[in-house]
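Reminder that position 527 of the sequence shown reads as 527 in the working numbering, one-by-one numbering, no gaps. Notes follow once the structure below has been shown.
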Amino acid sequence: MRSFVIILFTSLIVLGPSCVKKRDLTNNTVIVQIGYSPDGLHPTNGNSSIQSFIHQYTQKSLFSTNLTTEQTIPMLLEALPSVDSTGLIYTYKLRNDVRWDNGEDLSVEDVIFTTKVLLCPLTNNAQTRPIYSAVIDSVYSSKTQERVFHMKAKTKHILNAEILDLSLLQKNLWDSSSVLNKVSFSDIHADNFESNPVLDDWFNGYNNSDNGYIPEKLVGLGPYQIENFKKDNYISLVRKKEWWGDKLKGQEFDNYPEKIIFKIIKDNASVYLGIKNEEIDFTQSAGGTSKLMKLQKLDYFNKNYHSEFVSAYSYSYMGLNMRPNLEKQTPFFTDKKVRRAMAHLVPVQEIIDVITYGKAERQASIVSPLKTTCDSTLKFIDLDLEKAKSLLQDAGWEDTDNNQIVDKIINGKKEQLSFKLNYISRGNSKEVVFMIKESMKKAGVELIANPLDFNSLYQKASNHEFDAMLGGWLAGSGYSDPTQLWGTESWSNKGSNFCGFGNSYSDSLIVKANTSLNPEKHLIAYKKLQKLIYDEQPYIFLWSGKMPIVAHKRFSGSEFYRAKPNVSLGSFQLRTE
């Protein structure tokens with residue numbers, strides 16, 4: 001199951017050169033620039049793209065995506081699962097050569113334990129739990145075959161076969177006392193789920209944030225182990241001396257670098273200097289679109305690096321809070337006329353031209369234009385000042401006191417249409433916000449820029465404590481279950497439905513899209529959902545960007561791909577010539 005992960009709404013700018021002592025380029029260590037420090041690397045709790053990126057090398061899932069073909073392939077399984085005639089019982093068989101770092105075999109019990117953790121309401125994973133809880137009824141071992149287990153689904157689902165695409169936990173490491181053995185799947189699914197002191201104590205320990213930072217706790221089936229985690233500085237991974245996949249060949253099992261260091265570089269000038277002085281081996285920002293275009297004209301850059309603008313399954317958006325907490329926020333965007341007016345006031349194409357230099361494509365709704373399931377009949381919302389003014393007037397917003405800001409009586413109080421826009425304070429985001437602000441001012445709408453760090457923005461979004469926000473989502477190349485972002489449960493449980501979209505009808509479309517195994521019926525429901533979200537305008541869809549990716553030529557095997565994570569760092573093989 002491929003879920004959405006948060007990406008930052010940011011673009012980096014590069015500045016002038018400087019002189020820095022060259023490092024030893026014969027060292028078999030890959031230095032990867034990342035723009036922020038993830039809030040830990042907990043195996044199940046968290047939802048940032050950086051966390052997911054690093055997990056590619058420290059953890060392993062039952063499935064993987066072949067980056068070349070963009071097809072799902074078995075990773076820890078002998079083959080893709082089979083399904084019985086009911087369409088509800090799936091059968092899986094584990095490989096017989098997978099070992100944990102202590103030599104213990106990967107077991108069916110590990111799979112069952114991991115699934116219980118993901119589904120239990122006591123786990124701090126509200127942003128992704130609905131994806132699994134909507135589908136998985138139970139997981140149980142075969143009575144007759146070793147390494148074989150079954151997953152019973154609640155309903156038919158187009159992604160049932162891949163729902164167990166999860167990073168596995170070692171049961172004996174996390175639950176040596178078998179506390180979760182006493183908890184059944186029916187207990188976990190119960191509407192009146194009841195905990196107890198022993199269970200509370202176990203989950204308090206499991207959810208502890210230290211489990212996202214302490215290397216000894218960050219154990220997985222991947223070829224690399226966390227060596228150091230220095231928040232806001234770097235995260236270093238070291239290749240395991242004996243890894244179960246060493247004898248296997250191929251993109252998903254490669255582990256050529258001795259070390260991979262994820263270096264947090266937030267400052268724009270430092271990104272440029274890192275490239276100029278060959279201190280960076282790989283980056284997915286490259287100092288920003290315009291500067292990469294300039295770098296590509298320089299001989300020294302092209303001699304040392306290869307680079308591309310790579311299309312990705314991602315999009316940026318401006319989210320509008322449809323269901324604000326009335327004790328803390330003014331209900332600016334509860335009326336879809338107002339939301340559509342805001343869409344007519346965002347100069348999307350101008351931002352694309354100015355900020356990305358055309359290295360992006362507009363996106364009309366929730367599905368990437370790279371996918372065949374995208375509803376191409378949905379038209380882009382044009383910049384239209386007069387249309388925006390008309391919609392605002394229809395919704396009761398007029399400038400009654402001649403202060404150049406429209407106002408309206410709400411709950412007996414005059415409110416100015418003056419709202420805060422939360423965004424990540426980095427790179428070109430400030431310029432993007434300024435362009436939106438200036439455009440909205442022409443219609444009497446005051447945008448107050450509210451720069452935040454990543455964790456603060458995400459916390460406010462999850463708690464629905466915002467007026468509007470800039471954000472982005474990165475998904476996989478296949479179908480992504482809309483439940484995480486658009487299901488009503490994902491709003492009520494503080495998941496990733498930040499804006500409060502949805503009702504029983506939209507939920508029914510999600511169910512139909514998810515459960516219709518007939519491709520035609522699936523697509524009909526999926527496109528109806530796209531159209532509904534388009535009409536309701538919880539997001540102002542901005543664009544699907546092309547990632548400015550750079551890799552040092554001292555490594556071979558550094559191809560770039562559309563599917564996340566766009567590269568296989570394990571395939572970076574140090575050239576010896």
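We put the CB at the ideal spot given by N, CA and C, even for glycine. These figures come from a predicted structure and were not determined experimentally.
- In the structure shown, ILE264 adopts extended strand secondary structure according to DSSP, grouped into three states.
- Contact check between the stretch 205-223 and the stretch 25-43: three or more CB pairs, one atom from each, fall below 8 Å, which counts as touching.
- The alpha-carbon separation between ILE235 and SER85 amounts to approximately 47 Å.
- Every unbroken stretch of the alpha helix (DSSP H) spanning 4 or more residues and falling wholly within the stretch 13-69 is given here in chain order: 49-58.
- Three or more pairs of CB atoms, one per stretch, sit closer than 8 Å, so the stretch 243-255 contacts the stretch 210-229.
- For ALA79, the closest alpha carbon among the candidates VAL117, ALA161, PRO369, GLY103 is that of ALA161.
- For PRO565, the CB contacts under 7 Å within the same chain, skipping 5 residues up- and downstream, are PHE53, GLN56 in chain order.
- Shown here, PHE454 sits in a helix according to DSSP, grouped into three states.
- Across the structure, GLU398 and ASP407 are spaced so that their CA atoms are roughly 5 Å apart.
- If the five residues before and after GLY274 are omitted, its C-beta is found closer than 7 Å to the C-beta atoms of GLN33, ILE265, ILE280, all from its own chain and listed in chain order.
- Setting aside the 5 residues that flank it on each side, ILE89 is surrounded in the same chain by VAL83, HIS150, MET151, LYS152, ALA153, each with a C-beta closer than 8 Å to its C-beta; the list follows chain order.
- In the structure shown, the three-state DSSP call for ARG340 is helix.
- In the three-state reduction of the DSSP assignment, THR576 falls in the coil class, being assigned neither a helical nor a strand state.
- Note on LYS182: under 16 other CB atoms within 10 angstroms of its CB, so exposed under the neighbour-count rule.
- For ASP101, same chain residues with a beta-carbon under 8 Å away, outside a window of 5 residues either side, are VAL219, GLN225, LYS240 in chain order.
- Sequence-distant partners of LEU345 (beyond 5 residues in either direction) whose C-beta falls short of 6 Å from its own C-beta, in its chain, are ALA388, SER439, MET440, ALA443.
- Counting along the chain, ASN172 sits inside no beta strand (DSSP E); it lies in the alpha helix (DSSP H) bounded by residues 171-174.
- Among the bridge pairs identified by DSSP, ASN228 is matched with SER236.
- In this structure, the beta-carbon distance from VAL271 to ILE351 does not fall below 7 Å.
- Per DSSP, the continuous beta strand (DSSP E) segment holding THR72 begins and ends at 72-74.
- Bridge pairing for PRO548: PHE309 [DSSP].
- THR283 is a Cβ neighbour of VAL550, given a cutoff of 7 Å.
- By the criterion of a C-beta distance shorter than 7 Å, ILE355 is surrounded in its chain by SER11, ASN428, GLU431, VAL432, once the five residues flanking it on both sides are discounted.
- Per DSSP, reduced to three states, the secondary structure at ILE188 is helical.
- SER425 sits in coil when the DSSP states are folded into three classes, being neither helix nor strand.
- The beta-bridge partner set that DSSP reports for THR515 is empty.
- Between the stretch 414-428 and the stretch 442-459 there are three or more inter-stretch CB-CB distances shorter than 8 Å, so the stretches are counted as touching.
- Within the same chain, and ignoring the five residues on either side of ILE31 in sequence, the residues whose Cβ sits closer than 7 Å to its Cβ are ILE261, LYS263, GLU279, ILE280, ASP281.
- Residue pairing by DSSP puts TYR92 in a beta bridge opposite PHE149.
- Distances from the CA of GLN59 to each of LYS437, SER133, MET75, HIS464 were compared; the closest alpha carbon is that of MET75.
- In the structure shown, TRP473 falls within a strand segment according to DSSP collapsed to helix, strand and coil.
- Contact check between the stretch 488-500 and the stretch 556-572: fewer than three CB pairs, one atom from each, fall below 8 Å, which does not count as touching.
- Nearest in C-alpha terms to ASN403, of all of ASP394, TRP473, ASP507, GLU415, is GLU415.
- Positions of the beta strand (DSSP E) runs, each at least 3 residues long and wholly inside the stretch 392-447, are given as 407-410, 413-416, 418-424 in order along the chain.
- With contacts defined as CB atoms closer than 7 Å, LEU470 and MET318 qualify as a contacting pair.
- Within the same chain, Cβ atoms closer than 6 Å to the Cβ of ILE73 are found at SER64, ASN66, the five residues on either side in sequence being excluded.
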